[in-house]
Each structure stands twice: as structure tokens, then as C-alpha cells.
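The block underneath contains the structure these notes are about, expressed in C-alpha cells.
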Amino acid sequence: MRVMAQMGMVMNLDKCIGCHTCSVTCKQAWTNRAGTEYVWFNNVETRPGQGYPRRYEDQETWKGGWELTHRGNLKLKAGGRVQKLLGIFASPVQPKLADYYEPWTYDYQTLVEAPLGDDFPVARPKSLITGDNTKITWSANWDDNLGGSSEMGHLDPIVATLNEKVRRASEDKVRFELEQTFMFYLPRICEHCLNPSCMASCPSGAIYKREEDGIVLVDQDRCRGWRQCITGCPYKKIYFNHKSGKAEKCTFCYPRIEVGLPTVCSETCVGRLRYLGLFLYDADRVTEAATTPDEGDLYEAQLDLLLDPNDPEVVAAARRDGIPDDWMDAARRSPVYALAKTYRVALPLHPEYRTMPMVWYVPPLSPIVDVLSSQGHDAEDQGVLFGAIEALRIPVDYLAELFTAGRTDIVTAVLQKLAAMRAYMRDVSLGRDGDPSIPEAVGMSEEALYEMYRLMAIAKYADRYVIPSAHVERAHELEELGCSLDYDEGPGMYESGPFGEASGRPAPVAVETFNALRQRQTSDSPTSTTASGELRGRVNLLNWDGNGAPDGLFPDTPREATTAEEQR
Amino acid sequence: MSTFLWGVLPYLCIASLVGGTIWRYRYDKFGWTTRSSQLYESRLLRIGSPLFHFGILLVFIGHVGGLVIPESWTEAVGVGEGLYHFNALLFGGIAGVCTLVGILILVYRRRTTGPVFMATTKNDKLMYVLLVAAILLGLWTTLVSVGAGHEAHNYRETVSPWFRSVFLLRPDDAAMAAAPIQFHIHSIVGMLLFALWPFTRLVHAFTAPLHYLFRPYIVYRSRDQRGQGSRSPRPGWSSVGTSDRERRP
């Protein structure tokens, strides 16, 4: 047994309202640079839907993840090492920009500068790739809230799979008629897998997993832009920066995690649906678990990898393997371990890709509850809910394709726990005695159910995010680990260096951030175009970080007043 | 003139190639990339790029064979001059044509695909001119040799000895001077291309990922320097470090 720690995330999909705040804040923090316009480290998909990039889950097309050979060994679905090297000159399976979307901006200048005339000036969309006028036809969440689902819903690879399975029945199983439809949101970040296929695909060996916290990063100095990782990742969560020619991916906000702060997506999540914490896992058994023959058993195999931080044997092994005591303590209090292993309500996304993803999801009960309510049932009554979970096959089948490689029994068990929690807690919160038969029906004790309720419903900040900070005695090693994404310095950022765009040494993040902050403090002056111009050069207080007094923080003292004062 | 071209210029180019590569590797690892444009366009790339790259790999092997291996060695294993030349011209010609067609497709694609053209730097354009010129001139020497039939110039008695002598630090410029003009121009353009090499995107060839065949699939790295470790402090010019940035032993 080799104990390793892994930062993990759990998302409670019942709470996701699809507001995209996580995506936007993540983008502002990490990918608001030239070359990464189409890059969403975090994106939110409406399911059923095609996802981003379009139909990424269709691995027969995209060849992401692992598969088993006849002899039961793991093999990259896109091919072995030699095959990958032979295809390096033009990566054979590669999403094009059209599979994402062509990023655009609007020609806002026209609105301000158009000459006086009879027609209203229009800000036309301009492609950020070519600079020409463009027609917006797709984006990262174009089919948001089932937009266009009646026409495009069947393009969802999971819907296609489900419909294929019941083709003998004359009707499609998942239908996109308004009165029958269902939907939920699926926020996605990099899975920071235990057995990452992007890493295995990288010819340069630039992608690595940090021993300390399992975060998967791309070494920007070693990436040569061979693009194989993009094919390799079944979740398509590695993107190609078309300006710098390097692969970029979600960093799990490692600079924040190292100092004990939650990731940007978690911190800003309006629904507070994200949980962050440590998993301990047995690194020696990862390959063995990933080679489980039956796809349906992969969820259990992955769960088996997670080690109980209270087990004395694990504690001893962890100490031997150099995991600090405060990290062990954090592992014991880990909300993600509790949700995934103790309560078994969190499920991995697409375990059948065999990458052992470490971002887990609590499947949503709400499609079922919504349908029941609309039919006039008491949607929180245990009996009604339990029966309905089985009866309403569509969401369960759909969720099973997402989270358990088709095992509906696992999803049903999770949904029953969630239903039991609602039914039990309704009694409690209405001042009645809790019905002990409800937790019993799902194999839990009343105490455990109540604890699960506390973690999932109350979800205090400190309970949601249990992040042990990296060790202070190593602090000087943390700075500039060598995978930092450089920071937008405004228009000058990718100015041609001597050897083309983006050459030259990237400035340290701290320096760039300082410069960017200074630039923001002084450049964003919306009133500078006013005729009087008296606010020109003034600091926008919304952008002031509270430190120091930059030029323009205070208004200039009018010259006359000063002289008058001096005279007095 | 002959001394400069065949006795001095090679060393200047080698200095530029070696020194430039080391310098770039230390100074500009972040810029060391293929700068792939596959995201913008992949239909033409899928034809042109493999054609060019596999072609130029064969051309490279052919050059190594012709320049490095002395004629006496091939004769010793029973490959006569006639047979050798026939093979060299046949396979060299095929590989050269593949390379040329490949790069013409790539240049056409670069010029006609809007986003790809916009991502093309002046540096790229200069490099393309030299590269295409080197390939064209190389094919020209092949054509002249084919046309001449049995009277073809045997470059393995002129160019190749000169090439080897350069690396033995006794440049035999007289041998090279005896070669026909097409070999002269091809060699000069080739030397210039190699001199420019480290300063263009061509550097990606030096990091051809052959080690991929042997490395483990999963890569762990530690923040701690005891393991295989993340990199030491920034490469390049020595860091302006304070003592607390020095790593404890």
C-alpha cells in the first residue's frame, strides 16, 4: 500500500441552478487571455445536451480515455505509443474550432463613433480569430436550458445510447416533448484523474500529477504543442492555446489551494454546491482498479481505492509515506470522502473511461420531484418518492449512463438515500418525531442520515471546504512551480518576441498580477471620454485593492484653491 | 572566397546552430513549441503535414548516408557507385518530391486560410523561404544528376569529404570547390537554414518526443526537491536570488 493524498471535489447537482457564475469567475481568473478565448476550464452543461465541445462523450468519435486489450491490459483508446507518434504530424482525432465555437466580440466602437443618422448604429459581432464580421452559431452553452432540444436533443451521446438500447421498442426512450422532458445542470472542471489518459498521451511528458495533492498540471516549459493530450482526455478538458501553442487545463486553482483557499469556482458558487477536501488513495492499486473487466464494477473499484483515514493501518502507512499529520486530520474531516465513501451518495463522472476521475457528483433528485409535484403528488413523501424513482425510468437510466456506466441500481440507491433524507428531515423540521424506519430502509442510521443532512443542506463554509494548506516550511518552493499560466497584461501580452508570438520568458505570476492590477486601476475610466474630462486619470474605486494610494485616487486639488490657501 | 564559403562559413553556421540552440533552450523554453495551427484548419494539414514531415525524415536519412558514410565503406560491402547512385537518386527523388509537395500544400494552406495566415510571423516567412529554397535546390541537384546519367558528378568524392573534414576541424575546401555550382548553392542555403534554425519554430525538431516510447504513462512530480522534482529555479540567466530561495540540502 502506498498512500497518497488527492484534492477532490464533489458537486451536489440538486443545488445547481445553472447560473454559470463558476464558469465566468473561472474565466476571469484564468482564461481571459488571447489564445484562450474559447477555453472554459469550468463549464456548465444542460443535460440532456451535447456538452462542450459538442458530443465530447462520444468516444467512438473522439477516442478519449482508456480501453482494455484482449488480454485485459489498459491501452489508450487512441492507440499505442508507436501509433501515437506516427500520427503526430497531423493529429488524427482532434476537435476543430468548429466543435467548440468561434469566439467573438462586438464592435462596440461603432455605437459610440457612428455619425448621426436615421438608423441606430449596431455593434456587429466580430470573430476573435479572424477579426472579420461573423455569424454567431454556437457557443459553450448554446443549448442551455434545453434550447433547441427538440431538434438537437438526440445529438446528446447519452440519449443516443439510451435510444439505441431500446431500439426494438418503436418509440425513442428519451423524448423531447415539452410536457415529458427533464433537465439538470452539469458543471464540469478537469477531473484530476488518478489514471489520467491525457498524461499518458503526452509525448513530451509535460503533464504531471503532483505527488502532494494529486493536482494534474501542464508544465508550460515542457509542452511542445503536440496536441495528443486533447485527444487523450475523454472529458475534453485540455485545451490548446492557439496563441502560445501550448496545452492548458484547469489547475484546480492550485495557488489558492496551497494556501488553504477554495478554488474560484467553488468560492463563487451561488448554490454552494461544491465541496472540497482530501481523498487518501492507494497509488499501488490504481492500475489494477482501472483494469476492472466489467465497466459496471468500475465505480466500486474506484471507491475501493479510497482509504479510510481512521483505519490504523492506513494511518501508519500514511505516516510512512510522508503525509503530514495535519493533512491526515483534514482527510478525516474531508466532506468529499464523507459524500463519496461514507454516505455513498457521490458518483464519479463516466467511470467507464477508466481514468478514475476525482470530481464526484451527487446525482439530482429534482427531475423526479418536479415531475411528481406537477402530477399533484406529495413529492417529499417517502413512499411516493421511492416508488417514483423506480417508475420514472428516464432520469435514472440517463444518470446511470453518466455516473455508473449504466448501473441503474447504484443510482437508484443514491436517489433513495436523498429521498429518505428529505422525507425524514421533513418530519423533524415540522416538529414531529423522525421516523426511524426511513433511514433503515436505505441502510443508514438516524444519526448518519442527520449528519448527511447537515453536510448537504446546512453546508457551512468550513464544512464544505476542508483544505489543508501546503506546508510553510516549503513555502519558498511553491512560488512559480513552473506551470503557472501567465497573466493577461492587456494588449501587450502576446506581443511578438524575437521568435514569434509568445516567445521569451513568461514573467512571474506575481509580477504580472502586480502590473495588471496597476493597469486596471488606472486604465478603466469610463468617464474619460466625457467632454470635460475632469475624471480622466482617476482610479476606478471598484478596482482599487485597498493598498496604498495610487495616482488619481484622490481628485486633484484645484490650482486656484491651493494658491488661495497659500496666500492665506 | 572558397576559403570563406567552405572553410569559415560552416563554422559560423555551426556556432549559430549550437550556440543559438543552447541559448534558446535556456532563455525561451516557453516559446519552444510546434505552434500548431491544426485548431484553425485540419483538412489540408492532414495531407500536407505528414507528407512533408515523413518526406523530410527520409531526406535527412539520405543526407546522413551520403555525407557521413565514406564511399570506400559502401564499396567494401559490395555496393558499387552505379548502384548507390541509382538508389540515391530514386529514393532521394521520391522523398524530395514528397517533401516539396507537402510543403507546397502547407504554404498554400498558410496563405489561403485566414487564421493560419494571421498567425504567421515574419520569422516564419523567412524560414519558409530558406526551407523551400533548400528543398528546391536539393531536387535540382538530383535532376541534374539524373539528366547527366553515368557522367553525373559523384558528390561523394567532393561534397562528402569536405563535409566530414569540417567536423574533423581540417576543412578541405578544395574538394568542395571542385563540385558543380548546384551543389554549392544548395550547401550554402542549407548552411544558412541551419544557422537560422534555433531562432525559428524549427526547434521543435530537436525535441522530437522519442522518449515517449519508453517513459511511464503516469508522471508524478513533487514540489519537494528530493523526488524527481519540479524544476530548479528558473533556467536562463542566474536568478537574482536571496538566500532564502536557496534550497536546503
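Protein chains in written order, with the working numbering: chain A, 231 to 798; chain B, 2 to 250.
Here a beta-carbon is modelled for each residue, glycine too, at the ideal position from N, C-alpha and C.
For clarity, every value in this text was computed on a predicted model and none was experimentally measured.
Bridge partners - ASN242 (chain A), DSSP secondary structure assignment: A:VAL592
Alpha-carbon to alpha-carbon, PHE31 (chain B) and THR251 (chain A): 31 angstroms
Short CB-CB distance (under 8 angstroms) between SER129 (chain B) and chain A: A small fix is needed here, since residue 129 (chain B) is Tyr in this sequence, not Ser. No, TYR129 (chain B) lies away from the interface with chain A (no Cβ there is under 8 angstroms from its Cβ).
Between the CA atoms of ALA547 (chain A) and GLN229 (chain B) - distance to the nearest angstrom: Note that GLN229 (chain B) scores 38 on pLDDT, short of 50, meaning its location in the model is unreliable and no value can be drawn from it.
Residues within the stretch 21-40 of chain B neighbouring chain A, beta-carbon criterion of under 9 angstroms: ARG25, TYR28, ASP29, LYS30, PHE31, GLY32, TRP33, THR34, THR35, ARG36, SER37, SER38, GLN39 and LEU40
Residue-chain proximity (GLY115 (chain B), chain A), Cβ-Cβ < 8 angstroms: yes
Identity of the residue in A:GLY281, A:ALA671 and A:MET686 nearest LYS466 (chain A) by Cα: A:GLY281
Chain A contact for THR208 (chain B) (CB, 8 angstroms cutoff): yes
Residues of its chain near LYS314 (chain A), where Cβ-Cβ distance is below 8 angstroms and the 5 sequence neighbours each way are ignored: LEU306, ALA308, SER431, PRO433 and GLN458
Expected contact under 8 angstroms - CB spacing of GLY21 (chain B) and PHE168 (chain B) to nearest Å: Actually they do not touch by this definition, with Cβ atoms about 18 angstroms apart.
Cβ-Cβ distance between VAL589 (chain A) and ILE419 (chain A) below 8 angstroms: yes
Proximity of VAL340 (chain A) and ALA320 (chain A) at Cβ, strictly below 8 angstroms: The sequence given here has Thr at residue 340 (chain A), not Val. Going by C-beta atoms, THR340 (chain A) is not nearer than 8 angstroms to ALA320 (chain A).
Whether GLY103 (chain B) touches LEU52 (chain B) by CB criterion (8 angstroms): yes
Residue span of the beta strand (DSSP E) that contains ALA320 (chain A), given as start and end: Counting along the chain, ALA320 (chain A) falls outside any beta strand (DSSP E), and DSSP gives it neither H nor E.
Neighbourhood of PRO578 (chain A) by C-beta distance below 7 angstroms, restricted to the same chain and skipping five residues each side: TYR529, GLN532, PRO587, TRP590 and PHE633
Cβ pair VAL500 (chain A), ILE688 (chain A) closer than 8 angstroms: no
Same chain, Cβ closer than 7 angstroms to THR364 (chain A), five either side skipped, listed in chain order: GLU332, TRP334, PRO355, LYS356 and SER357
Exposure of TYR583 (chain A), with buried meaning 16 or more beta-carbon neighbours within 10 Å: buried
Residues within the stretch 429-445 of chain A neighbouring chain B, beta-carbon criterion of under 7 angstroms: MET429, ALA430, PRO433, SER434, GLY435, ILE437, TYR438, LYS439, ARG440, GLU441 and GLU442
Pair within 8 angstroms by beta-carbon distance, TYR218 (chain B) and MET686 (chain A): no
Beta carbon proximity, ARG216 (chain B) to chain A, threshold 8 angstroms: yes
ASN192 (chain A) and GLY265 (chain A) closer than 8 angstroms at C-beta: Here chain A comprises residues numbered 231 to 798, so residue 192 (chain A) is not present and cannot be evaluated.
MET220 (chain B): contacting residues in chain A (beta-carbon distance under 7 angstroms): Note on residue identity: the sequence assigns Val, not Met, to residue 220 (chain B). Near VAL220 (chain B) (Cβ distances below 7 angstroms), the residues of chain A are MET429, GLY435, ILE437, TYR438 and LYS439.
Min CB distance ALA609 (chain A) to chain B below 8 angstroms: no
For SER357 (chain A): DSSP bridge partner residues: A:TRP334
THR35 (chain B) burial status per 10 Å Cβ neighbour count (16 or more: buried): buried
Minimum Cβ-Cβ distance from SER321 (chain A) to chain B less than 8 angstroms: yes
Check whether PRO464 (chain A) and THR585 (chain A) have beta carbons under 8 angstroms apart: yes
Other residues of its chain near LEU385 (chain A): CB distance less than 7 angstroms, five sequence neighbours each side excluded: GLN280 and ARG285
Short CB-CB distance (under 8 angstroms) between LEU59 (chain B) and chain A: no
Contact list for SER43 (chain B) against chain A, beta-carbon separation under 9 angstroms: ALA320, SER321, GLN324 and LYS326
Host beta strand (DSSP E) of TYR218 (chain B) (start-end): Run containing TYR218 (chain B): none; DSSP gives neither H nor E here.
Backbone secondary structure at ILE460 (chain A) - three-state DSSP: helix
Nearest to LYS245 (chain A) (by Cα), restricted to the options A:SER603, A:ALA692, A:ALA609 and A:PRO594: A:PRO594
Sequence-distant residues of the same chain with beta carbon closer than 7 angstroms to GLY8 (chain B), five excluded per side: PRO172 and ASP174
Residue-chain proximity (LEU138 (chain B), chain A), Cβ-Cβ < 8 angstroms: no
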